[in-house]
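Q: Okay, here's the structure, questions in a sec.
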Amino acid sequence: MKLFLFLLTAFVALTAIVCGALLMSYPDGSLFSMSTLLLKGTPFSNFFVPGFILCIVVGGTNLVAVFLNMQTHPQRYNWSIGGAVMLIGWVVVQMLLISVLHWLQFVYLGIGGMMLLLSWQLKGKWAV
Numbered sequence: 304m305k306l307f308l309f310l311l312t313a314f315v316a317l318t319a320i321v322c323g324a325l326l327m328s329y330p331d332g333s334l335f336s337m338s339t340l341l342l343k344g345t346p347f348s349n350f351f352v353p354g355f356i357l358c359i360v361v362g363g364t365n366l367v368a369v370f371l372n373m374q375t376h377p378q379r380y381n382w383s384i385g386g387a388v389m390l391i392g393w394v395v396v397q398m399l400l401i402s403v404l405h406w407l408q409f410v411y412l413g414i415g416g417m418m419l420l421l422s423w424q425l426k427g428k429w430a431v
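Quick look at the structure:
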């Protein structure tokens with residue numbers, strides 16, 4: 304379970320940091336074939352700020368969790384829970400704001416849910 308949690312957290316950290324950085328580099332969304340029309344009705348005119356949030360908040364939280372899990376730090380599962388909550392929050396807010404559903408949103412919701420359950424179990428707060 305520890306290895307699986309580590310791999311999920313590392314995957315989320317890597318993809319969030321890389322995709323967030325790419326959204327900041329190409330704020331018009333062209334690299335991902337996304338139109339800024341997706342952002343109509345949101346407070347954003349381009350993808351720079353969402354990319355920044357994805358990179359720093361979601362990716363950063365999960366990156367800290369990765370390093371703490373590597374060191375078996377006592378707070379590692381709390382950070383993993385935090386990373387899972389950030390990921391789930393990111394996807395839910397994204398779904399609500401842009402009103403467009405994509406299969407990857409459900410994949411990442413599932414990953415976030417798995418991370419949350421694994422972290423909670425490994426923390427010892429829930430026993431099967």
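Residues in the sequence shown are numbered consecutively from 304, following our numbering.
By construction, the Cβ of each residue, glycine as well, lies at the ideal position given by its N, Cα and C atoms.
1) Using DSSP with H/G/I as helix, E/B as strand and the rest coil, what is Pro-353?
2) Which same chain residues, not among the five before or five after Phe-314, have their C-beta less than 8 Å away from its C-beta?
3) Let's see if you can read the secondary structure: which residues bound the alpha helix (DSSP H) around Ser-383?
4) Could you tell me if Ser-422 is buried or exposed, where buried requires 16 or more neighbouring beta carbons within 10 angstroms of its beta carbon?
5) I need the DSSP call for Lys-428, collapsed to helix, strand or coil.
6) Do you know how far the Cα of Met-327 is from the Cα of Val-388?
7) Measure the C-alpha to C-alpha separation of Gly-354 and Phe-370 and round it to an integer number of angstroms.
8) What would DSSP say about Tyr-329, mapped onto helix, strand or coil?
9) Quick check on DSSP: helix, strand or coil for Lys-343?
10) Please report the straight-line C-alpha distance between Tyr-329 and Ile-391, rounded to a whole angstrom.
11) Grouping DSSP H, G and I as helix and E and B as strand, with all else coil, what is Leu-412?
A: Reading off the structure:
1) The three-state reading of DSSP puts Pro-353 in helix, counting H, G and I together.
2) Within the same chain, and ignoring the five residues on either side of Phe-314 in sequence, the residues whose Cβ sits closer than 8 Å to its Cβ are Ile-414.
3) For Ser-383, the enclosing alpha helix (DSSP H) begins and ends at 379-401.
4) Buried, because 16 or more other Cβ atoms sit within 10 Å of the Cβ of Ser-422.
5) In this structure, Lys-428 counts as coil in the three-state DSSP scheme.
6) Roughly 23 Å between the two C-alpha positions.
7) Cα to Cα, Gly-354 sits roughly 22 Å from Phe-370.
8) The answer is coil: DSSP assigns Tyr-329 none of H, G, I, E or B.
9) In the three-state reduction of the DSSP assignment, Lys-343 falls in the coil class, being assigned neither a helical nor a strand state.
10) Spanning the two alpha carbons is a distance of roughly 24 Å.
11) Three-state result, Leu-412: helix.
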